[in-house]
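In full-length UniProt numbering, the protein residues as written are 1 to 66.
Rendered as structure tokens:
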């Protein structure tokens with residue numbers, strides 16, 4: 001996926017400072033959500049094709065929400 005838009009959220013700054021999920025190994029690129037274009041797919045991928053526009057969102061489900 002080639003990223004075309006992204007956001008830097010407060011959660012991402014916490015990750016950088018080791019205050020969310022503990023210290024993360026470097027190099028680190030925090031990203032909560034973004035959008036882009038599919039540039040390649042694996043041979044078993046059926047729902048996406050090169051050129052599709054896609055987005056992703058970080059959602060953490062825990063406890064009763066899981």
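For each residue, glycine too, the CB sits at the ideal point set by N, CA and C. Keep in mind it's a predicted model, so treat the numbers as computed, not measured.
Item	Value
Let me know the secondary structure DSSP gives residue 47 once reduced to three states.	coil
What whole-angstrom Cβ distance do residue 42 and residue 5 have, given they're in contact under 8 Å?	Their Cβ separation, rounded to whole angstroms, is 24 Å, which puts residue 42 and residue 5 out of contact at 8 Å.
Have a look at the DSSP bridge pairing and note the partners of residue 3.	36
Count Cβ pairs between the stretch 48-60 and the stretch 23-38 that sit closer than 8 Å; are there 3 or more?	yes
What residue range does the alpha helix (DSSP H) around residue 54 cover?	No alpha helix (DSSP H) holds residue 54; the beta strand (DSSP E) holding it covers 53-57.
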